[in-house]
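Engineer:
Protein chains in written order, with the working numbering: chain E, 1 to 266; chain G, 1001 to 1280.
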């Protein structure tokens, strides 16, 4: 079963928070939703999580107890221990033996020695890992994570992505929001949003191939409105050039898409 | 000319050594990215450079003198949480920090002036924080994950401003653990366990570290087999990568699990180098 939304539009206070957005979440596939502050990521994820938000368009999601939703903040009880958090989450989702189900996940992410510790006393990375584990014990059909790695250091981030992969291998469709594009190279599908609209969508390869023109590294750009910094050099988009120059990364492609939309300066 | 000179600096908190014998030079107009996992010592080092903490041993000089009130006047600092008053307007925030430094306040970005900072989007808040840190024309800019949470084009424009300041002679030190930001630096410094363990370009930091790339139609089975064998695999689209592992070890695990896969070695990424360095 493919979960997701089609042609989803959400209006808050006369402003379109989401504008005709389509996202498919297939089993074992990890889709990354990328965008800055105000792009609409959280609204999209909340709708996927089955929250009652007025919208138009089609929403196809599993029943609530087959969903795992990890919000951007919170998601664990600070005054319960790690083990109690897992016990609680297991009872909510009807997991027969939460401690045993969680054990291998705790082991692989370095949380195993801390089951007796209060969640509020864990480091940010540890707490985030607990939050994710507690929402995947019931092997959800759809796992939704809102910026799970924001503010988290690279070692914990790597553990979090291994949990995400483990959920996908268990058959879940996974949707992960992120503010950083370098992370999206890990996902098999990417949806980039800006102010509620789809900027680009597809596999990372498709997204890169969809970029019109070429991107080159230059000392000083011919047209600064179509250029951005990359260290000491500039990257410049040449809209009419045949594919050449440097191999763009996802960040370049998204900048180009934003430039194409605005015709230069934001 | 060296703007920041750190010589054999150690900082202990009780029995814990947060920074352990660090040497670092940052030249004028240079943009240096300081990378590392949590606990690597980045924040403690930055606090010592800012003059907020003293080294337990070793010396730090800024503009040729010890960190203190005089050097602080020449530093612009944007902390990760931005350090703005959310219940003041953007203009009031700028007036406040201009008052601290005794300079005229800069105009607030894009009509944000009369609005409460707490009501602004994160992207605009970041620009207000930058304006506040830059209005006294600092010679050294210290930024902690400066573009976290900002959309790519807005991030590109913020970096354009940082780079143009650097070209005008301002020295910039950025702490980050995001590769998109690290790429903007002239030089990278990788810290782990309180020490500097690598410095130079991205290629210098990665060095000879390799990642084993596994291409298979059964990525889920391969991931599970590797993970259970204690090899930390990560996803890379439809491939898997195992940074810091031996090709033969990966092949053996997959063979035992009866998974057919194309296994090749590839240069590690900067992020993988950070993970390998930061894993105890």
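We put the CB at the ideal spot given by N, CA and C, even for glycine.
From which residue to which residue does the beta strand (DSSP E) around residue 234 of chain E run?
Structural biologist: Segment 233-238, the beta strand (DSSP E) holding residue 234 of chain E.
Engineer: Say whether chain G places a C-beta atom closer than 9 Å to the C-beta of residue 179 of chain E.
Structural biologist: For residue 179 of chain E, the answer is yes, since a Cβ of chain G falls inside 9 Å of its Cβ.
Engineer: Please report the distance separating the alpha-carbon of residue 1222 of chain G from that of residue 207 of chain E.
Structural biologist: Their backbone Cα atoms lie some 26 Å apart in a straight line.
Engineer: Interface residues of chain G around residue 39 of chain E at Cβ under 9 Å?
Structural biologist: Residues of chain G passing the Cβ test: 1151.
Engineer: What first and last residue would you give for the beta strand (DSSP E) that runs through residue 1032 of chain G?
Structural biologist: Counting along the chain, the beta strand (DSSP E) containing residue 1032 of chain G begins and ends at 1031-1035.
Engineer: Please list, in chain order, all residues of the same chain as residue 1125 of chain G whose beta carbon is under 7 Å from its beta carbon, the five residues on each side excluded.
Structural biologist: Taken in chain order, the residues that qualify are 1082, 1084, 1117.
Engineer: When you compare the CB of residue 1235 of chain G with every CB in chain E, is at least one pair closer than 9 Å?
Structural biologist: Taking Cβ atoms only, chain E reaches closer than 9 Å to residue 1235 of chain G, which makes this a yes.
Engineer: Buried or exposed for residue 1264 of chain G, going by 16 or more other Cβ atoms inside 10 Å?
Structural biologist: The residue in question, residue 1264 of chain G, is exposed, as its Cβ has fewer than 16 Cβ neighbours within 10 Å.
Engineer: Buried or exposed: which applies to residue 1019 of chain G, given that a residue is buried once 16 or more other Cβ atoms fall within 10 Å of its Cβ?
Structural biologist: Buried.
Engineer: Applying a beta-carbon distance threshold of less than 7 Å, which residues of chain E neighbour residue 1122 of chain G?
Structural biologist: Ordered by position in chain E, the residues that pass the 7 Å Cβ test against residue 1122 of chain G are 37.
Engineer: Indicate whether the contact test is met: 3 or more Cβ pairs, each with one atom in the region 3-15 of chain E and one in the region 56-75 of chain E, closer than 8 Å.
Structural biologist: The answer is yes - the region 56-75 of chain E touches the region 3-15 of chain E, with three or more Cβ pairs under 8 Å.
Engineer: Does the distance from the C-beta atom of residue 23 of chain E to that of residue 175 of chain E stay below 9 Å?
Structural biologist: Contact flag set, yes.
Engineer: Could you tell me whether the Cβ of residue 1204 of chain G comes closer than 9 Å to any Cβ of chain E?
Structural biologist: So, not an interface residue.
Engineer: Does DSSP put residue 57 of chain E in a helix, a strand or coil?
Structural biologist: Note: residue 57 of chain E maps to strand in three-state DSSP.
Engineer: Would you check if the region 1252-1260 of chain G and the region 1225-1235 of chain G touch, i.e. whether three or more CB-CB distances between them fall below 8 Å?
Structural biologist: Because the criterion of three Cβ pairs below 8 Å is met, the region 1225-1235 of chain G and the region 1252-1260 of chain G touch.
Engineer: By the criterion of Cβ-Cβ separation under 8 Å, what are the contact partners of residue 161 of chain E in chain G?
Structural biologist: Going along chain G in sequence order, the residues near residue 161 of chain E (Cβ under 8 Å) are 1234, 1235.
Engineer: Evaluate residue 1181 of chain G with the Cβ neighbour count: other Cβ atoms within 10 Å of its Cβ, from every protein chain shown; 16 or more gives buried, anything less gives exposed.
Structural biologist: Classification for residue 1181 of chain G: buried.
Engineer: Quick one: what's residue 125 of chain E bridged to in DSSP?
Structural biologist: DSSP output for residue 125 of chain E lists no bridge partner at all.
Engineer: Check whether chain G comes within 9 Å of residue 124 of chain E, counting only Cβ atoms and requiring the distance to be less than that.
Structural biologist: So yes, residue 124 of chain E belongs to the interface.
Engineer: Looking only at DSSP bridge pairs, what is residue 1243 of chain G linked to?
Structural biologist: Residue 1243 of chain G is bridged to G:1211.
Engineer: Among G:1270, G:1099, G:1237, whose alpha-carbon lies nearest the alpha-carbon of residue 1244 of chain G?
Structural biologist: The residue with the shortest Cα to Cα distance from residue 1244 of chain G is G:1270.
Engineer: Does the Cβ-Cβ distance between residue 1006 of chain G and residue 1058 of chain G come in under 9 Å?
Structural biologist: Cβ atoms of residue 1006 of chain G and residue 1058 of chain G: closer than 9 Å.
Engineer: With C-beta atoms as the reference, is residue 1038 of chain G less than 9 Å away from residue 123 of chain E?
Structural biologist: The answer is yes: Cβ separation under 9 Å.
Engineer: Which residues of the region 245-258 of chain E have a Cβ closer than 8 Å to any Cβ of chain G? Give them in chain order.
Structural biologist: Here the close residues are 251, 254, 255, 258.
Engineer: If you draw a straight line from the C-alpha of residue 992 of chain G to the C-alpha of residue 1028 of chain G, how long is it?
Structural biologist: This structure does not reach residue 992 of chain G, given that chain G is present from 1001 up to 1280, and the question cannot be answered.
Engineer: For residue 1085 of chain G and chain E, any beta-carbon pair shorter than 9 Å?
Structural biologist: Output row for residue 1085 of chain G: interface = no.
Engineer: Report the rounded CA-to-CA distance for residue 966 of chain G versus residue 1187 of chain G, giving the unit in angstroms.
Structural biologist: For chain G, the structure presents residues 1001 to 1280; residue 966 of chain G sits outside this window and is missing.
Engineer: Starting from residue 11 of chain E, follow its DSSP beta bridges and name the residues at the other end.
Structural biologist: E:16, per the DSSP bridge assignment.
Engineer: Using a Cβ-Cβ cutoff of 7 Å, what residues of the region 1262-1277 of chain G are near chain E? List them in chain order.
Structural biologist: Within the region 1262-1277 of chain G, the qualifying residues are 1271, 1274, 1275.
Engineer: Assuming residue 170 of chain E is part of the alpha helix (DSSP H), what are its boundary residues?
Structural biologist: First-last for residue 170 of chain E: undefined, no H or E at that position.
Engineer: Start and end of the alpha helix (DSSP H) containing residue 90 of chain E?
Structural biologist: Here the alpha helix (DSSP H) through residue 90 of chain E covers 82-93.
Engineer: When DSSP builds the beta bridges, which residues end up paired with residue 3 of chain E?
Structural biologist: Bridge partners of residue 3 of chain E: E:25.
Engineer: Run down chain E in chain order and give the residues with a C-beta less than 8 Å from the C-beta of residue 1160 of chain G.
Structural biologist: Under the 8 Å cutoff, chain E gives 228, 229.
Engineer: Could you list which residues in chain A have their beta carbon closer than 8 Å to that of residue 101 of chain E, in chain order?
Structural biologist: In the structure shown, chain A cannot be found, because the protein chains are E and G.
Engineer: Based on DSSP bridge pairs, tell me the residues matched to residue 217 of chain E.
Structural biologist: Note: residue 217 of chain E sits in a beta bridge opposite E:235.
Engineer: Comparing alpha-carbon positions, which option in E:246, E:170, E:194 lies nearest residue 177 of chain E?
Structural biologist: Of the candidates E:246, E:170, E:194, the one whose C-alpha sits nearest the C-alpha of residue 177 of chain E is E:194.
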